[in-house]
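Engineer:
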Amino acid sequence: MTNLVEVRNLRIEATTDSGRVVEIIKGVSLDIADGEIVALIGESGSGKTTVALSLMGYARPGCRIIGGEINVNGKNMAALSEKQRAKLRGTDIAYVPQSAAASFNPSSTIMEQVIEVTRIHGLMPPEQARKRAVELFRALSLPDPEGIGARYPHQVSGGQLQRLSAAMALIGDPKLMIFDEPTTALDVTTQIDVLKAFKSVMRAGGIAGVYVSHDLAVVAQIADHIVVLKGGEVQETGTTAQILSAAQHPYTRELLAAFEPKPRQAHADADAGAKPLLRIDNVTAGYGAVRADGLPLIRAVDTVSLVVEKGRNLGVIGESGCGKSTLARVIAGIHPAAAGDIIFDGKQLERGAGKRSQDQLREMQIVFQYADTALNPAKPVEDIIARPLAFYHQLDRQARSKRVDELLDMVRLPRTLRYRRPSELSGGQKQRVNFARALAAGPKLIICDEITSALDTVVAAAVIELLKELQRELGLSYIFISHDLSVVEAICDEIMVMYNGERVEQITPDRLMAPIHPYSKLLFSSVPKLDPTWLDGLVRDPELVSQYGHR
Amino acid sequence: MARVAASRRSLLGHSYNLVGVVAALVILAWTLIAIFAPAIIPHSIGDIVDDDYFGPMRQGLWLGSDYLGRDMLSRVLMGARYTVGISLAAVVIACFSGVVLGMIAAVTGGWLDTCLSRFLDAMNSIPSKLFGLVVVAAVGSSIPALILTLAVIYIPGAYRFARALAVNINTMDFMTVARVRGESIAYLIGSEILPNIIRPVLADFGLRFVFIVLLLSGLSFLGLGLQPPLADWGALVRENIGGLPFAAPAVIVPSLAIASLTISVNLLIDNLPQKIRDRDA
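Chains R and W supply the protein sequences, listed in that same order.
Reminder that position 194 of the first sequence reads as 194 in this note's numbering, one-by-one numbering, no gaps.
Reminder that position 249 of the second sequence reads as 800 in this note's numbering, one-by-one numbering, no gaps.
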């Protein structure tokens, strides 16, 4: 036995609710040497999490491991009894979940939960476990390592919680750590701290790891080997450098291509100087009690002004909590502004959507981040898309049906999809339906609130391409809200950077490399590059980090 | 498929459960009896046909006779009519009003929601049997009065249930989208919310039906329900309670009837057909 982990011809099947059996993992083999980190990448549904979980001998409800060997540290996890597996989990193998916030118990302190593993397995007395935990907190560069254990999960930030869940995994001194998309839910500025912390503890302890992700740039920073999965089969295996420089498989190339900057078409500036489509002057909005001056207690958006010209796009970028989504809701009238003017197409808009005219509502559409919640799960696609047609345009049944077909063509969806319900569509398809509904209204401006954030890199790139095409055909304008710089860069003519409810800078993509405001500098320098040496070589101004980073 | 649980089978894109099917058949049988009772009863419910009271089961009097020597089979069959009919009418009124009010409260919010919720909470705090007693004492016992009383007693529960469900749906983005589109409240509750809560609402409908059957039987047992010679199942149990020491079928059969109906409705709710989402099967 040379490798710590040797998976041979692993097969996992699942039973659907009609009793049909589907093979979701079709003969996967992989090796992990001692102290090596292997990344599993692939789109959603490719089986990467299923493979990672199988290393603990675990298959999710409805799934079964039906064949193959999973040798971890000389033991075949597939053949062990549940009791024997439970003994290895937490001691030999540990797991770091995607959403740390959902994995901590909100009703007990962090320290209690971090040392729980040692109590279950009887590894060490509680006193010693606490000491060890504090050491780990320090190694993971958490602030206040002695005191943080006494807090409750809601009292620390998302990035800290993610590192604490790594501490929880590390306390049993595992030989293998499984990371399941641990940084996907984090901001780029936070992601760097978490990645750096993970990398240093793994290196220091010589621990082997499996890193599940769909973000190639993140994987490039941390992994030694990359395994590319699609449809439950290994497409390609290689060292990180091999995969990044000389990918063989078409799917891997597609993944890489999604990172290449797209050539931007130069905009015909013929109507430059024409009336702006949307102008916002000194808008303030927020939450909480209204104070004497008519402004809310907590200002999520603070005296922000912006201009969107006809046929052009504005990107709004910033970390979570900077007020960018609130800004979108203020413009759409969902969350009425407390102060300021919104002028759309030359006319002043009412602050609340309820008081705006039907045409004003029609001409400005908003598309939300999560297509899962933005589409009514109880209705078929055709009803969802047809409703704005009936509501705004009073089309009869036949005309509606024809228009639904046209709209499905427009967003590149097969027409047969119209009878399906949202739950029967993939993430990318749902987002397209979401977008088709906005198009059905016949808008002039579409506000896109993080519409690609929940999608895989490749799917997101396709959606962005679609938006560009539609813009050319229909002369739309977009306000594009995102925390992902590469997405905004690909589609926007102007980029506005928000921080803490305020607009800090507005720049064009051409000058993206040279932002002036310090926060923009920090934000832009935090976006991971495909270069594997990027993280190690990254030098950040400590003053900037302490001022703007939420550690 | 070999591993499919033996009690699950599929038809028309739904999977069925054996228990659910049996429960549905029992309910269907009682419903048919309720509809056709006047045509199939062997004796009129008022006729005294037996020489003895609390007669045993025998040919001609298949379920024995009651405390006056009347045919028990006929009385149970006719009783189905009143028990099922009154309960069904009451539960339809209660659930319809409760669910519509609940959805409106959730969508509108603000003072309407507060007023409705507090008023119905106050209603909820009145013990149901006591409320029934007071109403019957005040306006007397008639079928419409019974139906309305039972409905009013169960509206607050249905309202609370529907409101809780609708509040969750109301926070979804598609509700925001519909609102920003400028949709009316009627569209919001009928087309966006209702399809998403209809399954739990139906389950609640069934459960509430059971409660109403039991409350109606309880009221009848106390002598406040239907008045003689009409009798629903609860009244049949009460009037024949004297037969208990003789193990008379007259007291056991209506009890079994109540049990079979309520248990079946409960089992049906727990085993409703489920839509199969796997389309390739």
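Glycine included, every Cβ here is placed at the ideal spot set by N, Cα and C.
(1) Would you mind giving the Cβ-Cβ distance between residue 769 (chain W) and residue 826 (chain W), rounded to the nearest angstrom? I have them listed as a contact below 8 Å.
(2) In three-state DSSP terms, what is residue 445 (chain R)?
(3) Please go through the same chain and pick out, in chain order, the residues whose beta-carbon is closer than 7 Å to the beta-carbon of residue 163 (chain R), but skip the five residues on each side of it.
(4) Residue range of the alpha helix (DSSP H) that residue 663 (chain W) falls in?
(5) Assuming residue 244 (chain R) and residue 220 (chain R) are in contact, meaning their beta carbons sit under 8 Å apart, how far apart are those beta carbons, in whole angstroms?
(6) Is it true that the segment 721-729 of chain W meets the segment 686-704 of chain W, where meeting means three or more beta-carbon pairs spaced less than 8 Å apart?
(7) Just checking: is the beta-carbon of residue 416 (chain R) within a distance shorter than 7 Å of some beta-carbon in chain W?
(8) Tell me whether residue 20 (chain R) sits in a helix, a strand or coil according to DSSP, three-state version.
(9) Write down every uninterrupted run of the alpha helix (DSSP H) in the segment 487-541 of chain R whose length is 4 residues or greater and which is fully enclosed by it, in chain order.
(10) Secondary structure at residue 722 (chain W), three-state DSSP: helix, strand or coil?
(11) What's the gap between the Cα of residue 299 (chain R) and the Cα of residue 500 (chain R)?
(12) Check whether the segment 60-77 of chain R touches the segment 39-47 of chain R, counting contact only when three or more Cβ pairs, one atom from each stretch, lie closer than 8 Å.
(13) How many Å lie between residue 775 (chain W) and residue 630 (chain W) at the Cα?
(14) Considering just the uninterrupted stretch of the alpha helix (DSSP H) at residue 391 (chain R), what are its terminal residues?
(15) Buried or exposed: which applies to residue 313 (chain R), given that a residue is buried once 16 or more other Cβ atoms fall within 10 Å of its Cβ?
(16) On the criterion of 16 or more Cβ atoms from any shown chain inside 10 Å, does residue 646 (chain W) qualify as buried, or is it exposed?
(17) Along the chain, where does the alpha helix (DSSP H) that runs through residue 89 (chain R) open and close?
(18) So with CB distances below 7 Å, who are the chain W contacts of residue 358 (chain R)?
(19) Using a beta-carbon distance cut-off of less than 7 Å, what residues from the segment 5-34 of chain R approach chain W?
(20) For residue 230 (chain R), report the span of its alpha helix (DSSP H) as first-last.
(21) Since residue 608 (chain W) and residue 615 (chain W) should fall inside the 8 Å C-beta cutoff, what is the C-beta to C-beta distance between them, to a whole number of angstroms?
(22) Quick check on the DSSP output: the alpha helix (DSSP H) that includes residue 326 (chain R) runs from which residue to which?
(23) In whole angstroms, what is the alpha-carbon distance linking residue 642 (chain W) and residue 663 (chain W)?
(24) Terminal residues of the continuous alpha helix (DSSP H) containing residue 124 (chain R)?
(25) What is the rounded straight-line gap between the Cα of residue 495 (chain R) and the Cα of residue 735 (chain W)?
(26) I'd like to know if residue 723 (chain W) contacts chain R, where contact means its C-beta is closer than 7 Å to some C-beta of that chain.
(27) Nearest chain B C-beta to residue 727 (chain W) closer than 7 Å, yes or no?
(28) Here's a check: name, in chain order, each residue in its chain whose Cβ is nearer than 6 Å to the Cβ of residue 517 (chain R), leaving out the five neighbours to either side.
(29) Any contact of the segment 405-424 of chain R with the segment 334-342 of chain R, i.e. 3+ C-beta pairs under 8 Å?
(30) With distances taken from CA atoms, which of W:707, W:605, W:644, W:718 is nearest residue 661 (chain W)?
(31) Helix, strand or coil for residue 565 (chain W)? Go by DSSP, reduced to three states.
(32) In angstroms, rounded to a whole number, what distance separates the CA positions of residue 468 (chain R) and residue 755 (chain W)?
(33) I need the boundaries of the alpha helix (DSSP H) containing residue 427 (chain R), first residue and last residue.
(34) Return the residues of the segment 739-769 of chain W that lie within a Cβ-Cβ distance of less than 7 Å from chain R, sorted by chain order.
(35) Less than 7 Å between the beta carbons of residue 431 (chain R) and residue 381 (chain R), yes or no?
(36) Using a C-beta to C-beta distance shorter than 9 Å, which residues of chain R count as neighbours of residue 730 (chain W)?
Structural biologist: So, from the data block:
(1) With 8 Å as the limit, residue 769 (chain W) and residue 826 (chain W) do not qualify as a contact, their Cβ atoms being about 37 Å apart.
(2) DSSP places residue 445 (chain R) in strand when its eight states are reduced to three.
(3) Closer than 7 Å at Cβ, skipping near neighbours: 140, 142, 194, 197.
(4) 661-675 is the extent of the alpha helix (DSSP H) around residue 663 (chain W).
(5) Correct: roughly 6 Å between the Cβ atoms.
(6) With the rule of 3 Cβ pairs closer than 8 Å, the segment 721-729 of chain W does not count as touching the segment 686-704 of chain W.
(7) Not one chain W Cβ lies under 7 Å of residue 416 (chain R).
(8) Residue 20 (chain R): coil per DSSP, three-state reduction.
(9) As far as the segment 487-541 of chain R is concerned, its whole alpha helix (DSSP H) runs of at least 4 residues are 518-525, 534-537.
(10) Three-state result, residue 722 (chain W): coil.
(11) Rounded to the nearest whole angstrom, the CA to CA distance from residue 299 (chain R) to residue 500 (chain R) is 9 Å.
(12) These segments do not touch.
(13) As the crow flies, the alpha-carbon of residue 775 (chain W) is around 15 Å from that of residue 630 (chain W).
(14) Its alpha helix (DSSP H) spans residues 381-393.
(15) The residue is buried, with at least 16 neighbouring Cβ atoms inside 10 Å.
(16) So residue 646 (chain W) ends up on the buried side.
(17) Unbroken run through residue 89 (chain R): none, as it is neither H nor E.
(18) In chain order: 733.
(19) In summary, the residues of the segment 5-34 of chain R whose CB is separated from some CB of chain W by less than 7 Å are 15, 16, 17, 18, 19, 20, 21, in the order they occur in the chain.
(20) If you look at residue 230 (chain R), you'll find it isn't in any alpha helix (DSSP H); it sits in the beta strand (DSSP E) that goes 225-230.
(21) Beta-carbon to beta-carbon, residue 608 (chain W) and residue 615 (chain W) are separated by about 5 Å, close enough to satisfy the 8 Å threshold.
(22) Membership of residue 326 (chain R) in the alpha helix (DSSP H) is indicated by the continuous run 324-332.
(23) Approximately 24 Å between the Cα atoms of the pair.
(24) From DSSP, residue 124 (chain R) is part of no alpha helix (DSSP H); its letter is neither H nor E.
(25) Just so you know, the alpha carbons of residue 495 (chain R) and residue 735 (chain W) end up roughly 37 Å apart.
(26) Cβ-Cβ to chain R under 7 Å: yes for residue 723 (chain W).
(27) Looking at the structure shown, chain B is missing, and the protein chains on hand are R and W.
(28) For residue 517 (chain R), where only same-chain residues beyond five positions count, the Cβ hits under 6 Å are 504, 505.
(29) A contact between stretches requires three or more CB pairs, one per stretch, nearer than 8 Å, and the segment 405-424 of chain R fails this requirement with the segment 334-342 of chain R.
(30) Per the C-alpha coordinates, the member of W:707, W:605, W:644, W:718 positioned closest to residue 661 (chain W) is W:718.
(31) Strand at residue 565 (chain W).
(32) Their backbone Cα atoms lie some 49 Å apart in a straight line.
(33) Looking at the DSSP string, the run of the alpha helix (DSSP H) that includes residue 427 (chain R) is 427-440.
(34) Within the segment 739-769 of chain W, those residues whose Cβ lies closer than 7 Å to any Cβ of chain R are, in chain order, 743, 746, 747.
(35) No; because the gap between Cβ atoms is not below 7 Å, this pair is not in contact.
(36) Going along chain R in sequence order, the residues near residue 730 (chain W) (Cβ under 9 Å) are 334, 353, 354.
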